[in-house]
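K.L.:
There are 4 protein chains.
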Amino acid sequence: MPSDEINLAEVAATARSRLDPVHWDFIAGGAGDERTVRANTAAFDRLRLRPRVLRDVSKRDLRTRLFGDELSMPVFVSPTGFHRLAHPAGEPATAYAAGAAGTVMVVSMGATTAIEDIAAGGTAVLWFQLYVQPDLAFTAAVIRRAEAAGCRALVVTADSPVFGRRERDLRNGFLDLPSGLACENMRDDTGAVRDIEMDAALTWDSVAWLRGVTRLPIVLKGVLHPDDARLAVEHGVDGIVVSNHGGRQLDGVMATVDALPAIAGAVAGRVPILLDGGVRRGTDVLTALALGATAVGIGRPVLWGLAAGGAAGVRHVLELLRSDVDRAMALTGAASLGDVTPDLVQPVSR
Amino acid sequence: MPSDEINLAEVAATARSRLDPVHWDFIAGGAGDERTVRANTAAFDRLRLRPRVLRDVSKRDLRTRLFGDELSMPVFVSPTGFHRLAHPAGEPATAYAAGAAGTVMVVSMGATTAIEDIAAGGTAVLWFQLYVQPDLAFTAAVIRRAEAAGCRALVVTADSPVFGRRERDLRNGFLDLPSGLACENMRDDTGAVRDIEMDAALTWDSVAWLRGVTRLPIVLKGVLHPDDARLAVEHGVDGIVVSNHGGRQLDGVMATVDALPAIAGAVAGRVPILLDGGVRRGTDVLTALALGATAVGIGRPVLWGLAAGGAAGVRHVLELLRSDVDRAMALTGAASLGDVTPDLVQPVSR
Amino acid sequence: MPSDEINLAEVAATARSRLDPVHWDFIAGGAGDERTVRANTAAFDRLRLRPRVLRDVSKRDLRTRLFGDELSMPVFVSPTGFHRLAHPAGEPATAYAAGAAGTVMVVSMGATTAIEDIAAGGTAVLWFQLYVQPDLAFTAAVIRRAEAAGCRALVVTADSPVFGRRERDLRNGFLDLPSGLACENMRDDTGAVRDIEMDAALTWDSVAWLRGVTRLPIVLKGVLHPDDARLAVEHGVDGIVVSNHGGRQLDGVMATVDALPAIAGAVAGRVPILLDGGVRRGTDVLTALALGATAVGIGRPVLWGLAAGGAAGVRHVLELLRSDVDRAMALTGAASLGDVTPDLVQPVSR
Amino acid sequence: MPSDEINLAEVAATARSRLDPVHWDFIAGGAGDERTVRANTAAFDRLRLRPRVLRDVSKRDLRTRLFGDELSMPVFVSPTGFHRLAHPAGEPATAYAAGAAGTVMVVSMGATTAIEDIAAGGTAVLWFQLYVQPDLAFTAAVIRRAEAAGCRALVVTADSPVFGRRERDLRNGFLDLPSGLACENMRDDTGAVRDIEMDAALTWDSVAWLRGVTRLPIVLKGVLHPDDARLAVEHGVDGIVVSNHGGRQLDGVMATVDALPAIAGAVAGRVPILLDGGVRRGTDVLTALALGATAVGIGRPVLWGLAAGGAAGVRHVLELLRSDVDRAMALTGAASLGDVTPDLVQPVSR
């Protein structure tokens, strides 16, 4: 029973025990020497909290709003592909759990279940993650499917002009989905499943094009440089995800929480900033919020939960984090997310 | 014989060998990943002393005064619960040792001996640690018991609006005191033992309320943020304990000695500042004093001493620290605590 | 087959399995405690990239020009001696691979093949590395051989007034080349092979003397101090190699990439700056370019490739790096080397 | 044969293999947790050299002058007690080696050979280390013995108002010299050997008293605080040794090389500054000189050499360091010690 695990590290251990080692490596691994994978968590460990006391935290409100919807807590499901690799129940299980937890699931373009089927099974607010394809007509068609399925935002990945090189997968020879699994959102009108292409030619013009084909909020994912954050706002995006793709694209890239303060400075409150990468504890969530994020996404932990126990496992992961965030709020003197101010965070002295 | 151990680490080893592993874990453990438990000691290791020489330290005076009483040295017994878990002799043994050593014991609200019985057996100056309970009448009754038993100060814990989550205890299933042990200070007038409640609704008004029900000095424990230190002084507290509850409440919180300088700056000498967390050596004591503390408390080391040898073990711990402080004063050129100035401490260059 | 290895660390492992341990130590080792050997790679690990996005990197140009020649990528073969120790095919194999990869090989004065024979077998642009010998007539004769063989630049080593002390070699008793191998560029007109002498009396006048005996561009190798970089430019050198001789001369010397920014500031674009030491990944190349280098050299990795698979092994090393640089450019938003700007690099926060 | 060892770490290993483990611990150990023992060497490892090139280092001059005598190199033998514990030949062997190496030996007050016998056997310039005893008449008598034996300076230890607590010795029960060994410089006119007393009452007046009883230069050893360095100069001392007693007095004290720059700033060239603590390599010597020291002392390495091979072992240690310093000078572009300037040293970037 997944709910035996008392923290995300234990959920990871259960997941590892149940997964094919090659699939575990696919989920756990990153680009190159995986310095950035490690940096994402290590960066949180180098930041310390400086709590406030005696502030009446008897009623704590973890809710936040993003693009018109309410999230029950400032934690959402970041996009990750191939949920059926982790568990046969796949993305619908994840969506069910996210809905039950009252938060958003960002459905990956690389989902192994069609967006329509994911949307059908639960109450989660869904956003759709998009790699803009060179075939813009096909891209527009995918967007229309997402819209029709009720997705409430487009999360456009900007950090992937080419594929990252994940050396575990190369060593393991893990290059394709097992037979029977496919990226169902990539089916075209002939029924064939297209490969997801990374388009190295993308520019800021793509944002304008997207604006022309959808009325959904556009959230740009994969921003680490404050100049890009400024450009994103100038090009009219509705939100930004500070992300390094979980360390899976370019090894040596800075940790997301280290990139956050400069991004927050550049954005200056004009659009919400989200973040993913290395969030494992409620205090990580609070740290990111204190430094300027509105909510944070979790990627690998969702797959751990899914592998460990299907929908119940994902729910367990989300509830572990919720109670962790709630406790961290109480213990830092924050009754609501607005109380989570930058002065709560201090770099560790070395 | 406990006095064989030549430093606190050796006392810890003896204690561990004598304790039920589950009880050892209860004492040793902290919240979450125990980063803050480790940070408390690591922060002292990153600070270095820069001694003075040729200052006539032949007569060294370790005495300090707090709230009208003299301590023979600037080290006191911080509040920790459940002393009978460490040794059948329990809190009275600790109090006897503190008195013999000429210092203060802060009796925990979670003591497994009634304050009256602790006070009866020794000469120690006692302070009483209080979690303000939602039942204020009961809280006032507890305070009156402490006053009647001769306690000389109230140490009000501010860092515990909710319980910390100690994962060792969860894994060990250690959730209750063994039968036969109880928090004797929590007996109400029916003779029943109440659970200690954490009141998340506490505010600075509680300080005013306390002021109205007792004439004892009020010492606020669990302050890490300089703004809270300022507020504490403004609300009339008589002292502050810089503490993170030994890393047992919120993991990821900064080390106490790292928090101290900003607190000292904010308090500006208006009330005495105490500190606990990670003190294991006389040089740690001196470091804290140099950075603005008037005295420091020890928590786990007292329980180690108690487990290792009852009252004699606690006394041994206190005398090890006393001789260590005395030697550190001599070797830094400090004949009295007033000579322990900030310039004696330097961060290690990295 | 060397091309099985997916990164340079794996090529090193193959090389180690094939080499006499004494020869492996000669290649891997450095001076003293090898702190500088480790520092060269560790310094890259402490720097982090901050990529740009949406910049159209569909057409990436890795080419650069140095002293009138085009390199297909900003990576060249730094001078290392004794290639026949790594593989019987020796320096001609290295040169063949460099030529096939479209880049420069710097032929070592300690090559175990004559420069004429190295030049004969491939298409590589060759530069010649020179230790100025006390016998200037002989030095001039060596330069004329290099010129006649078509070398396009002289790389003058400045960091070796005396031999570095490599303790692995002392322990292994590795003091001479095995019989049958000789420094073929040190043959004088009698056919005898002279020992390479380190001339501790060299001064900046040597640069003037070199200017008088050759029209080749003069590149000064082994500069770490910005004042020396300034002097080098003032004395008319055509380029600078920031190098600590791979940590083989003086242990405790700073990492090359840590020295680079001050050198770049001192040179202020007047001559190209090259760098070697610790480059193992495409992101290392990009980091050095962002901080002011025009191209970077690799030393040990070339010998690893050579030992692992002769010319094919060297080519494999160069192509691994090329694809790594290409991918790193795409993923940092750089279509050409001119887009690799200093703001892409951030020190890791600690 | 001790000269097989190629660096001081290897000499240490030989020494350890030959010494009674209790005696090894006495030599190797320090106060408390030995953080300062480790800090002394670690601090050198965190500093990096930034060499100069092309400066004609063909003639290198390692000589320096101190108090009227010439040292063949800027390395001297720091005072350590009980040389007969390391080797039966004891202090005379050390003195013979120091003399053969052309440098100074500081004879310890705790020498197991009388100063007269040490002086008789060799050519070394001797300085005498003094703990000022409460019995000033006896102290004066010891000074007169040192003067009569030809000692050329008094090194007055200021860092020892009380004994340091060395926990290895406590655990080993090593509290006294083995029978047959005695502190021969502590014999009084009755022939009895007095215990060395640490006088906690010493003040700067002791310097004035010493000035009145001897015309020897007075060198104050154990200064770490710049205010004490200033006071020392104002009280007329002729030199200062930046020392933490090899980490044997107070654990947690800063590394000597970290203390050096502020001391050098305070002294401003008015008297020579010496340093000991953690010097193991020629680059450590150069680093200390660059930061303001005129010469550095070695303590444990001398005892390692003595244990490993008597006088020849000590000589080997000194010659290893000499060639190391010489090579480091060549490779940093320093022909004489005057060329060793502060800009040669850089903190490692972290």
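Chains as they are written, first to last, in my numbering: chain F, 1 to 350; chain V, 1001 to 1350; chain H, 2001 to 2350; chain U, 3001 to 3350. Glycine included, C-beta positions come from ideal geometry on N, C-alpha and C.
1. Look at the alpha carbon of Val-1075/V and the alpha carbon of Val-1104/V, and state the distance between them as a whole number of angstroms.
2. Quick one: residues in its chain with C-beta nearer than 8 Å to the C-beta of Pro-3347/U, no 5 flanking neighbours on either side, listed in chain order?
3. Hey, Val-2219/H and Asp-2199/H are a contact pair by Cβ (cut 8 Å); roughly how many whole angstroms apart?
4. Going by the CB atoms, is the gap between Val-3241/U and Val-3155/U shorter than 8 Å?
5. When the Cα of Leu-3231/U is compared with those of Ala-3259/U, Ile-3263/U, Val-3302/U and Leu-3019/U, which residue comes out closest?
6. When you measure from the CB of Leu-1085/V to every non-hydrogen atom of the ligand GTP, does any distance come out below 7 Å?
7. Taking only beta-carbon positions, decide if Thr-203/F is within less than 8 Å of chain H.
8. Please report the distance separating the alpha-carbon of Arg-94/F from that of Leu-224/F.
9. Return the residue from the list Pro-272/F, Gly-99/F, Ala-101/F and Arg-144/F that minimises the CA-CA distance to Glu-116/F.
10. In chain order, what residues of the same chain have a beta carbon less than 6 Å from the beta carbon of Ala-1124/V, not counting five sequence neighbours either side?
11. Can you list, in chain order, the residues of its chain with a C-beta nearer than 8 Å to that of Val-1011/V? Leave out the 5 residues immediately preceding and following it.
12. Would you please verify whether the beta carbon of Asn-1007/V is less than 8 Å from any beta carbon of chain U?
13. Please go through the same chain and pick out, in chain order, the residues whose beta-carbon is closer than 6 Å to the beta-carbon of Ala-2149/H, but skip the five residues on each side of it.
14. Quick one: grab the DSSP three-state call for Trp-3024/U.
15. Is any beta-carbon of chain H found at less than 8 Å from that of Gln-249/F?
16. Out of Arg-2055/H, Ala-2288/H, Leu-2170/H and Ile-2298/H, state which residue places its alpha-carbon closest to the alpha-carbon of Pro-2342/H.
17. Taking the C-alpha atoms as reference points, what is the distance between Pro-2092/H and Phe-2067/H?
18. Please tell me whether Met-2001/H has its Cβ less than 8 Å away from any Cβ of chain U.
19. Check distances from the C-beta atoms of the stretch 1315-1329 of chain V to those of chain U and list, in chain order, the residues that come in under 7 Å.
20. Looking at chain V, is there any beta carbon in it that lies within less than 8 Å of the beta carbon of Leu-3224/U?
21. For a test of the three-state rule: what should DSSP assign to Ser-3323/U, helix, strand or coil?
22. Just mark Arg-166/F as buried or exposed, buried being the case when its beta carbon has 16 or more other beta carbons within 10 Å.
23. Around the Cβ of Leu-1175/V, are there at least 16 other Cβ atoms within 10 angstroms (buried) or fewer (exposed)?
24. Any contact between the stretch 3269-3288 of chain U and the stretch 3187-3198 of chain U? By contact I mean 3 or more CB pairs, one from each, below 8 Å.
25. Measure the CB-CB distance between Leu-2331/H and Leu-250/F and report whether it falls below 8 Å.
26. Using a Cβ cut-off of 8 Å (strictly closer), state whether Val-162/F contacts chain H.
27. Select from Ala-208/F, Gly-180/F, Asp-135/F and Asn-172/F the residue whose C-alpha is nearest the C-alpha of Ile-196/F.
28. Let me know if Lys-1059/V comes out buried or exposed under the rule of 16 or more other beta-carbons within 10 Å of its beta-carbon.
29. In chain U, which residues lie less than 8 Å from Ser-2206/H when you measure between Cβ atoms?
30. Is it buried or exposed, Arg-3248/U, if we count other Cβ atoms within 10 angstroms and call 16 or more buried?
31. Unbroken beta strand (DSSP E) runs of length 3 or more, entirely within the stretch 1194-1240 of chain V: which are they?
32. My assumption, with CB atoms under 8 Å, is that Thr-2112/H sits in contact with Gly-2252/H. Please give the rounded CB distance.
33. In its own chain, which residues sit with a C-beta less than 7 Å from the C-beta of Ala-2031/H, not counting the 5 before and 5 after it?
P.N.:
Reading off the structure:
1. 8 Å
2. Arg-3046, Leu-3047 and Arg-3048
3. About 18 Å separates the two Cβ atoms, so there is no contact after all.
4. yes
5. Ile-3263/U
6. The ligand GTP is not part of the structure shown, which contains no ligands of any sort.
7. yes
8. A quick correction: the sequence has Thr, not Arg, at residue 94/F. C-alpha separation (whole angstroms): 28 Å.
9. For Glu-116/F, the nearest C-alpha among the options comes from Arg-144/F.
10. Ala-1095, Ala-1098, Gly-1099 and Met-1105
11. Taking Val-1011/V as the centre and dropping the five residues before and after it, the same chain places the C-beta of Pro-1002, Glu-1005, Pro-1301, Trp-1304, Gly-1305, Ala-1308, Gly-1313, His-1316, Val-1317 and Leu-1320 closer than 8 Å to its C-beta, in chain order.
12. Closer than 8 Å to the CB of Asn-1007/V there is at least one CB belonging to chain U.
13. These residues qualify, in order along the chain: Ile-2115, Glu-2116 and Ala-2119.
14. helix
15. yes
16. Ala-2288/H
17. 23 Å
18. Because Met-2001/H carries a pLDDT of 41, less than 50, the predicted location of this residue cannot be relied on, and no value is offered for it.
19. Arg-1327 and Ala-1328
20. Yes, Leu-3224/U lies at the interface with chain V (some Cβ there is under 8 Å from its Cβ).
21. helix
22. buried
23. exposed
24. no
25. Between Leu-2331/H and Leu-250/F, the C-beta spacing is below 8 Å.
26. Closer than 8 Å to some Cβ of chain H, the Cβ of Val-162/F qualifies, so yes.
27. Asp-135/F
28. exposed
29. Under the 8 Å cutoff, chain U gives Leu-3054.
30. buried
31. 1218-1221
32. 30 Å between Cβ atoms; not a contact.
33. Cβ neighbours of Ala-2031/H beyond the five flanking positions: Gly-2164, Arg-2165, Arg-2166, Gly-2247, Arg-2248, Gln-2249, Leu-2250 and Asp-2251.
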